[in-house]
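Below: the structure, in structure tokens.
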């Protein structure tokens with residue numbers, strides 16, 4: 124754009140004292156927890172819930188709810204950033220880190236460089252493995268100490284908080300390793316393939 | 080919900096464009112439709128949205144997303160905005176913005192929640208409040224193209240819409 128138009132009379136109403144290095148560009152802080160989803164909220168019984176780790180078509184590991192709960196648990200406090208512009212600070216999540224999942228199936232190294240997360244309802248999203256290892260990603264089952272409500276992705280959602288929150292797929296049931304990167308659901312509808320909030324990678328080409 | 084996973088190919092960035100207010104329609108005492116002229120608008124599908132960016136005199140900028148309420152057939156782009164009390168952007172858009180004013184916008188965004196006549200009917204649309212905006216784009220698209228596919232809108236609002244634009248477009 125050659126010139127940025129000034130909106131006369133428009134001014135900031137921000138009350139929050141959020142330091143600049145805490146809020147990515149174009150985001151604002153909310154204390155609510157908005158719910159956005161592309162389809163109906165799946166209602167799955169914990170007795171029917173399973174979680175699987177796959178390499179291509181082969182199964183690396185599969186857990187039922189009780190088995191998954193018995194895996195090492197990690198709690199993290201983090202900020203989350205939705206591509207629709209809201210950010211929520213200091214959210215607390217508990218679950219199983221991607222590192223612990225790898226260890227649980229006896230893998231010292233990730234077997235492929237990309238992951239597709241598959242969810243109840245048909246949603247999917249792609250994430251590089253490098254963005255999940257080293258404590259950067261987890262399968263979360265608790266939010267603020269309580270089971271995650273279905274509207275927020277319960278019983279389990281992927282949590283990759285350093286990327287826009289559509290990557291933190293609700294109702295996740297399966298992580299599939301891929302040799303080549305492929306686009307998931309929103310990534311196929313014009314949203315950025317990677318989604319770094321600090322680079323404001325909202326849409327393709329950003 | 081199904082999607083065919085596709086290979087990754089970078090595309091051109093959605094650039095910020097200038098939008099100029101050409102007409103303002105009072106829908107209710109707290110809702111207005113802003114009819115915008117965007118010089119090089121590439122077109123959109125009914126159900127898509129835009130991001131807008133406002134810049135204050137002190138350089139402060141903020142962005143919000145708004146659904147497009149106009150169909151692809153119309154020359155002006157319509158955003159239907161509800162004033163959220165204590166909001167930062169919507170009170171400015173509803174109360175302060177005047178015809179001729181300009182701001183930045185980029186889009187169209189989103190390709191999942193859309194309807195085109197090629198998709199055919201029947202249409203069953205459910206909305207409340209300003210959530211009707213993207214559905215109006217669909218009903219207007221259907222009306223402009225004189226499609227006879229059955230359409231049913233279930234709508235809940237706390238206010239009466241002055242222009243009855245819903246009625247006029249739902250044929």
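Chains as they are written, first to last, in this note's numbering: chain A, 124 to 329; chain B, 80 to 250.
No residue lacks a Cβ here, since even glycine has one placed at the ideal position from N, Cα and C.
- Selection A:275, A:329 and A:197 evaluated against residue 156 of chain A yields A:275 as nearest (Cα-Cα).
- The C-alpha of residue 322 of chain A is placed about 36 Å away from the C-alpha of residue 220 of chain B.
- For residue 171 of chain B against residue 181 of chain A, the beta-carbon gap comes to about 56 Å, at or over 8 Å, which does not count as contact.
- Counting C-beta atoms within 10 angstroms of its own C-beta, residue 194 of chain B has 16 or more neighbours from the protein chains shown and is therefore classed as buried.
- Restricted to the stretch 168-244 of chain A, the beta strand (DSSP E) segments that are unbroken, complete and at least 3 residues in length are 173-178, 181-187, 197-204, 209-220 and 237-242, listed in chain order.
- Taken in chain order, the members of the stretch 188-209 of chain B whose beta-carbon sits within less than 7 Å of a beta-carbon on chain A are 188, 189, 190 and 191.
- Residue 128 of chain B: member of the beta strand (DSSP E) spanning 128-134, first to last residue.
- Within the stretch 88-100 of chain B, the residues whose Cβ lies closer than 7 Å to any Cβ of chain A are, in chain order, 89, 90, 91, 92, 93, 95 and 97.
- In the structure shown, residue 183 of chain B adopts extended strand secondary structure according to DSSP, grouped into three states.
- Using a Cβ-Cβ cut-off of 8 Å, residue 135 of chain B is close to 129, 130, 133, 134 and 135 of chain A, given in chain order.
- Around residue 201 of chain B, the same chain offers 228, 229, 230 and 231 as residues with beta carbons nearer than 8 Å, after the five sequence neighbours per side are excluded.
- In this model, residue 116 of chain B and residue 186 of chain B are separated by some 14 Å (Cα to Cα).
- Looking at A:310, A:305, A:136 and A:309, the one whose alpha-carbon comes closest to that of residue 164 of chain B is A:136.
- Per DSSP, reduced to three states, the secondary structure at residue 219 of chain B is helical.
- Among the residues of chain A, those whose CB is under 9 Å from the CB of residue 175 of chain B are 130, 131, 132 and 133, following chain order.
- Taking 8 Å as the threshold, the shortest C-beta distance from residue 167 of chain B to chain A falls below it.
- Under the Cβ distance rule, residue 109 of chain B does not count among the residues neighbouring chain A, no pair being separated by less than 8 Å.
- Looking from the CA of residue 118 of chain B, the closest CA among B:130, B:98 and B:135 belongs to B:98.
- Judged by their CB atoms, residue 155 of chain B and residue 224 of chain B are not nearer to each other than the 8 Å cut-off.
- Using a CB distance cut-off of 8 Å, residue 161 of chain A counts as an interface residue toward chain B.
- Residues of the stretch 138-171 of chain B with a C-beta atom less than 7 Å from some C-beta of chain A are 139, 141, 142, 143, 144, 167 and 171, listed in chain order.
- Put simply, the CB of residue 121 of chain B is far from chain A, with every gap to its CB atoms at 8 Å or more.
- In terms of Cβ geometry, residue 281 of chain A and residue 240 of chain A form a close pair [threshold 8 Å].
- By the Cβ test, the stretch 209-225 of chain A is in contact with the stretch 146-164 of chain A, since at least three Cβ pairs between them sit closer than 8 Å.
- Here residue 183 of chain B is buried: its Cβ has 16 or more other Cβ atoms, across all protein chains shown, within 10 Å.
- Taking 8 Å as the threshold, the shortest C-beta distance from residue 221 of chain A to chain B does not fall below it.
- The three-state secondary structure of residue 302 of chain A, taken from DSSP, is coil.
- Taken through DSSP and simplified to helix, strand or coil, residue 286 of chain A comes out as coil.
- Residues of chain B with a Cβ closer than 7 Å to the Cβ of residue 207 of chain A are, in chain order, 144.
- By alpha-carbon distance to residue 210 of chain B, the top candidate from B:138, B:158, B:222 and B:188 is B:158.
- Three or more beta-carbon pairs separated by less than 8 Å are not found between the stretch 226-235 of chain A and the stretch 168-175 of chain A, which leaves the two stretches without contact.
- Judged by DSSP secondary structure, residue 203 of chain B falls within the beta strand (DSSP E) whose first and last residues are 202-207.
- Under the Cβ criterion of 8 Å, residue 183 of chain B is counted among the residues facing chain A.
- Exposure of residue 138 of chain B is indicated by the presence of fewer than 16 other C-beta atoms within 10 angstroms of its C-beta.
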